[in-house]
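Per this note's numbering, the sequence shown starts with residue 454, numbered consecutively.
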Amino acid sequence: MPIRRRCWRCCAGWPWARWRAGGRGEPQPSPTVRPWRVRTGSRSPRHSRRSVNRSSVLSGHSRPALFEGGTAMDMTTTAGSAGHIARSRGGFLRLLRLSISSHSIYLALIAAYYAGFLTLYHFRPDIAPSNFWDVALGFTIFSVPMMIFGLAIMRLYHVAVHIKPERPLPALIKDIGAYLSNPVRLAHGLPMVFIMVMFMYVFVELKASIPLLNPYSWDQALDHADRVLHFGTYPWEWLQPILGYAPITFAINVNYSIWFAVMWIVWVYFAFLETDSLIRTRFFLTFFTAWIIGGGLMAIWFSSMGPCFYGRIGLTPDPYAGLMDYLRQANETVPIWAVAVQDLLWQGYNGDQLVEGISAMPSMHNGTALLFVLAAFRVNRLMGWILAVHGGLIFIGSTVLAWHYAVDGYVAAALVLGLWWLMAPVSRWWHGQAAHAEFAEAISPGR
């Protein structure tokens with residue numbers, strides 16, 4: 454009997470053990486509780502830390518399912534399990550506290566970003582930053598609908614592909630309700646929302662201050678680099694004979710415009726994951742550091758406006774005049790929104806405060822589009838290929854819509870690839886720290 458009881462504890466997944474558990478001639482599902490967690494009583498600190506780290510590593514390396522697909526019953530069960538986790542482990546507030554601790558690496562990163570921002574403005578009293586609450590409110594008004602839109606797209610995919618209900622709309626509403634009421638998702642995502650608000654305040658202020666901190670002076674150098682790298686011919690001149698038709702330009706413009714929606718879909722997906730994930734940590738570390746370095750430091754140092762403004766700032770001869778003439782003509786046939794947005798940005802540069810902030814080098818559109826591809830391939834190969842097509846069209850659009858020099862995209866891609874590689878060991882290190890591992894253990898479904 455002692456031997457048989459030990460085999461039951463250690464080998465619960467074996468077929469004969471499942472038969473013994475069911476007491477019938479057919480195999481029964483193995484218990485979900487792991488044998489080393491069946492014990493009651495307190496554990497030594499060393500054993501507890503070892504168990505936490507093992508759980509963290511296992512959950513960190515597993516791939517999160519694409520949009521957490523499953524059936525309607527699965528969704529209800531998952532929400533119920535999450536609620537049980539929140540109740541049995543100290544409630545939602547405890548989960549939120551542990552989540553904030555697990556996000557402390559991002560908080561430290563944003564705090565350093567904010568401190569650098571304050572230091573910069575301390576030495577430049579002539580530049581007055583905007584009120585934080587005004588910027589935060591504006592960002593919230595813009596971002597919350599985008600977050601909701603991203604969530605709706607994700608759950609629509611989930612309902613259509615995995616559930617396939619007879620009544621899609623009620624099923625979608627129920628699914629979104631279960632998603633939003635999941636305490637683990639909320640505890641995981643709310644700190645990231647706060648971090649994003651803090652980050653965007655500094656980013657928006659720095660981008661609007663670029664012409665004051667370092668007046669635009671790199672356009673001619675970047676233009677020359679484009680011509681040299683492409684053997685004396687501008688990239689748009691290569692592409693124009695193939696893509697220079699109004700319907701094609703319209704399609705490229707649409708793809709370029711939905712970059713914001715794609716960004717929020719990917720952002721919401723990773724921010725509100727129900728499980729601990731090493732990919733999530735790596736994604737957000739790369740995301741924030743890329744924007745801080747590329748969209749902040751490099752944008753100020755390589756201060757430039759882009760091909761669409763080359764002639765407007767008085768640079769001659771203007772090699773992009775033909776491209777801009779074509780875009781304006783195409784805009785009379787089909788809507789090319791890039792032309793209108795470029796006009797708004799130019800008005801902002803000349804004093805209209807409605808829309809402001811121009812920066813060409815590096816192209817963060819291209820950089821983040823590549824980041825989405827790198828992260829998506831770690832989750833779902835099909836989604837990775839879809840985002841790869843989107844990213845390729847983003848690069849083409851950045852050139853043929855006159856937003857960026859091609860070299861802007863090359864530099865951004867190199868930056869993101871380097872950071873993605875660098876953040877892999879950083880993410881593994883962080884997942885082994887107690888600040889993160891405690892939250893990972895708290896939301897582990899096998900605990």
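Built from N, CA and C at the ideal position, the CB exists for glycine as well.
Buried or exposed (CB count within 10 angstroms, at least 16 for buried), residue 815: buried
Since residue 880 and residue 738 are thought to touch, with beta carbons under 8 Å apart, how far apart are those beta carbons, to the nearest angstrom? Confirmed, Cβ separation roughly 6 Å.
On the CB-based measure, 16 or more other CB atoms within 10 Å of its CB, does residue 608 come out buried or exposed? buried
Residue 652 and residue 566 look like a contact to me (Cβ under 8 Å); what is the Cβ gap, rounded to whole Å? Rounded to whole angstroms, the Cβ separation of residue 652 and residue 566 is 7 Å, and the two are in contact under 8 Å.
So, under 8 Å CB-CB, residue 705 and residue 846 are touching, yes? Tell me the CB distance rounded to an integer number of Å. 6 Å
Taking the runs of the alpha helix (DSSP H) that are 4 residues or longer, which of them lie wholly in the region 832-870? 834-853
Closest Cα partner of residue 863 within the set 551, 654, 667 and 679: 679
Inter-residue Cα distance where the pair is residue 654 and residue 648: 10 Å
Can you give me the C-alpha to C-alpha distance between residue 663 and residue 563, rounded to a whole angstrom? 20 Å
Contact under 8 Å by Cβ, residue 640 with residue 776: No. Outside cutoff.
Please confirm whether residue 861 and residue 772 have their CB atoms less than 8 Å apart. no
What's the call for residue 673, buried or exposed, on a 16-neighbour Cβ count within 10 Å? exposed
Every unbroken alpha helix (DSSP H) within the region 775-818, with a cutoff of 4 residues, ordered by chain: Annotation: the region 775-818 contains the following complete segments of the alpha helix (DSSP H) (minimum length 4 residues), in chain order: 790-802.
According to the neighbour-count rule (16 or more other Cβ atoms, all chains shown, within 10 Å of its Cβ), is residue 489 buried or exposed? Low confidence applies to residue 489: its pLDDT is 39, below 50, so where it sits in the model is not reliable, and the reading given next is rough at best. Its Cβ having fewer than 16 others within 10 Å, residue 489 is exposed.
State yes or no: is the C-beta of residue 576 within less than 8 Å of the C-beta of residue 719? no
As assigned by DSSP and simplified to three states, the class of residue 579: coil
Please return the same chain residues whose Cβ sits closer than 7 Å to the Cβ of residue 878, not counting the five positions on each side in sequence. none
Can you look up residue 619 in the DSSP assignment and give me helix, strand or coil? Note: residue 619 maps to coil in three-state DSSP.
Does the structure place the region 624-636 close enough to the region 882-894 that three or more beta carbon pairs sit under 8 Å? By the C-beta criterion, the region 882-894 is judged not to be in contact with the region 624-636, since fewer than 3 inter-stretch pairs fall below 8 Å.
Check for me: the alpha helix (DSSP H) holding residue 760 runs from which residue to which? Counting along the chain, residue 760 falls outside any alpha helix (DSSP H), and DSSP gives it neither H nor E.
For residue 483, name the three-state secondary structure that DSSP assigns. Its pLDDT being 41, under 50, residue 483 is placed unreliably by the model, and the measurement read from it follows with that caveat. Note: residue 483 maps to coil in three-state DSSP.
Is DSSP giving residue 884 helix, strand or coil here? DSSP places residue 884 in helix when its eight states are reduced to three.
Three-state secondary structure assigned by DSSP to residue 711: Coil, per DSSP.
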